[in-house]
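Trainee: Using this note's numbering, read the sequence shown as starting at 287 and increasing by one per residue.
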Amino acid sequence: MQVAGKVVVVTGGASGIGQALCETFHRAGAAKVIVVDIDGERAAQVAASICGASFRCDVGKEADIQRVIEETERLYGPIALFCSNAGIAAGFDPLGDNAALSDDGPWQKSWAVHVMAHVYAARHLIPRYKSRGGGYFLNTISAAGLLSQVGSAVYSTTKHAAVGFAENLAISHRADNIRVSILCPQGVDTAMLRALPKGPQSSDGDLSPEQVAQDALAGIEQEIFLILPHKMVLGYLRNKAENYERWIGGMAKIQAKMRADFAAVQSAS
């Protein structure tokens, strides 16, 4: 799909990968880029810089997603590309037992943002897409959804679920000319990543949000389901599929090193 002349919505668009996506789609000639974020003020600033529009939205609430879709189409025309990009870093604790976290804390928040936000967007857009012959979803997920995330069962589990939903969406609605891409980078130089403890997995290098956004645009233009800005992730995924036991062992070693490094930092402070 070419984004030129199209209406595009980006959630989590006020910063990081989301902001870079907004700017990239604008440069690619989108008719209107809608910047959606829980930080309404910052979303408005980004929108002003690209002649776009903005909405404040909590993507974990279906009514907010529905309002964004309805108001965007009322004011600016049919949405051609909806990017569910918003994400949160919750439940990261390399030394803790992540399963012990309470349901109404990181688990519920992450499930709402990383999974149900994608469901809500599809729920309210698929009938519209079908009625006009097609449409596109870009879901920003993470390599953690394909591999795992040492230090956070919450992040890993919800990202895996997001991959599962996107796969089903792509399969179920291919005949409706509805296309889906998932964007699955490893480390990206954003405020969210910088707030987390460094781990051995960061040795593959952190990409800029701008590079990730460019890769996303190229993937959309080619209608590729799996977009991997970090190319080595494909090799890791193959290794996982070929020998699960060996892969689990290798990840456990990464976990052990992260715990040791994190404990050393904690002791020093």
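Virtual Cβ for every residue (Gly too), placed ideally from N, Cα, C.
Measure the CB-CB distance between Ile472 and Ala502 and report whether it falls below 8 Å.
Mentor: It should be pointed out that residue 472 corresponds to Gln in this sequence rather than to Ile. No; because the gap between Cβ atoms is not below 8 Å, this pair is not in contact.
Trainee: What are the complete alpha helix (DSSP H) segments, minimum 4 residues, inside the region 426 to 477?
Mentor: DSSP runs (the alpha helix (DSSP H)) wholly in the region 426 to 477: 439 to 458.
Trainee: Name the DSSP bridge partner or partners of Ala538?
Mentor: Answer is none; Ala538 lacks a bridge partner.
Trainee: Per DSSP, what kind of secondary structure is Cys337 in: helix, strand or coil?
Mentor: Reduced to three states, the DSSP call for Cys337 is coil.
Trainee: Straight-line CA distance for Ala448 to Met402?
Mentor: Approximately 9 Å, taken between the alpha carbons.
Trainee: Between the beta-carbon of Gly298 and the beta-carbon of Ala366, is there less than 8 Å?
Mentor: No, Cβ-Cβ distance for Gly298 and Ala366 is not below 8 Å.
Trainee: Kindly indicate which three-state DSSP category Val354 falls into: helix, strand or coil?
Mentor: Residue state, collapsed to three classes: helix.
Trainee: From which residue to which residue does the beta strand (DSSP E) around His367 run?
Mentor: In the sequence as presented, His is not what sits at residue 367; that position holds Leu. Taken as a continuous stretch (DSSP letters only), the beta strand (DSSP E) holding Leu367 covers 365 to 370.
Trainee: Put Leu424 into one of helix, strand or coil per three-state DSSP.
Mentor: Looking at Leu424 - three-state DSSP - the assignment turns out to be strand.
Trainee: Ordered along the chain, which non-local residues of its own chain (more than five positions away) have a Cβ less than 7 Å from that of Cys308?
Mentor: If we look at Cys308 and ignore the five residues flanking it on each side, its Cβ neighbours are Val296, Gly299, Val319, Val321, Val332, Ile336, Gly338.
Trainee: Classify Leu469: buried if its beta carbon has 16 or more other beta carbons within 10 angstroms, exposed otherwise.
Mentor: By the neighbour-count rule (16 or more Cβ atoms within 10 Å), Leu469 is buried.
Trainee: Can you give the Cα-Cα distance for Pro515 and Glu327, rounded to whole angstroms?
Mentor: Using only the alpha carbons, I get a separation of about 30 Å.
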